[in-house]
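In the working numbering, each residue carries its 1-based index in the sequence shown increased by 12.
Reviewing the structure listed below.
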Amino acid sequence: MLAFHHVAISCSDRQRTIAFYQALGFQMAFDWTSPDGDLSIVHLKLGDAILEIFNYANSNAPPDAMRSLETDLPTIGTKHFGLKVPDIEQARKRMIAQGFVQNPEVKRGRTGILYFFINDPDGNWVEVVQDDRAL
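Next comes the structure, spelled out in structure tokens:
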């Protein structure tokens with residue numbers, strides 16, 4: 013039987029990225045650095061899910077198409093991950109107060125959920141969702 017385990021992202025600044033996700037409620041679960049310091053891998057947990065973060069000493073900048081949802085979504089590959097909240101407006105206010113986003117527009121998606129997006133320090137997309145569907 014399969015069960016969801018993790019999502020992986022890469023970052024340019026390990027400490028800045030860890031601090032960002034910890035501010036969202038993630039907790040440190042695993043931390044490894046290669047002997048030469050060229051790579052570190054961190055696992056942060058939120059509930060049962062793990063966010064795996066790779067940090068290479070010589071990382072590559074993301075392609076320009078990833079900077080906008082309109083140009084990123086049509087490109088094949090992983091796009092974003094979602095974090096569920098019980099109250100989208102309360103989450104929106106909290107994200108603004110924490111400086112994660114300026115003034116995000118809450119939208120109702122084609123799937124029926126309420127959502128808005130924020131970016132982590134490297135521009136990785138994180139979707140904040142209120143999903144009241146009984147799936």
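Just so you know, even glycine gets a beta-carbon here, dropped at the ideal spot from N, CA and C.
Original post:
Does Ile53 get closer than 7 Å to chain B when you measure Cβ to Cβ?
Top reply: Of the chains in the structure shown, none is chain B; there is only one protein chain.
**OP:** Give, in chain order, every unbroken run of the alpha helix (DSSP H) that is at least 4 residues long and sits entirely within the region 21-90.
**Re:** Runs of the alpha helix (DSSP H) inside the region 21-90: 26-35 and 81-84.
Original post:
In terms of residues, what are the limits of the beta strand (DSSP E) holding Glu139?
Top reply: Counting from one through the sequence shown, the residue named residue 139 turns up at place 127. For Glu139, the enclosing beta strand (DSSP E) begins and ends at Trp137 to Gln142.
Subject >> C-beta contact flag for Lys38 and Leu56 at 7 Å >> reply: The residue labelled residue 38 in the question sits at position 26 within the sequence shown. The residue labelled residue 56 in the question sits at position 44 within the sequence shown. Contrary to the premise, residue 38 reads as Phe rather than Lys in this sequence. The Cβ-Cβ distance between Phe38 and Leu56 falls below 7 Å.
Original post:
How should Val118 be labelled, buried or exposed, when 16 other C-beta atoms within 10 angstroms of its C-beta is the threshold for buried?
Top reply: Within the sequence shown, the letter at position 106 stands for residue 118. Under this definition Val118 is an exposed residue.
Subject >> When Lys91, Arg106 and Asp25 are compared against Pro98, the one with the closest alpha-carbon >> reply: Along the sequence shown, read from residue 1 onward, the residue named residue 98 stands at position 86. Selected option, being the one with the closest Cα: Arg106.
**OP:** Compare the beta carbon distance of Leu95 and Val140 with 7 Å and say whether it is the shorter of the two.
**Re:** Looking up residue 95 in the sequence shown gives position 83. Looking up residue 140 in the sequence shown gives position 128. Their beta carbons are under 7 Å apart, which means Leu95 touches Val140 by this criterion.
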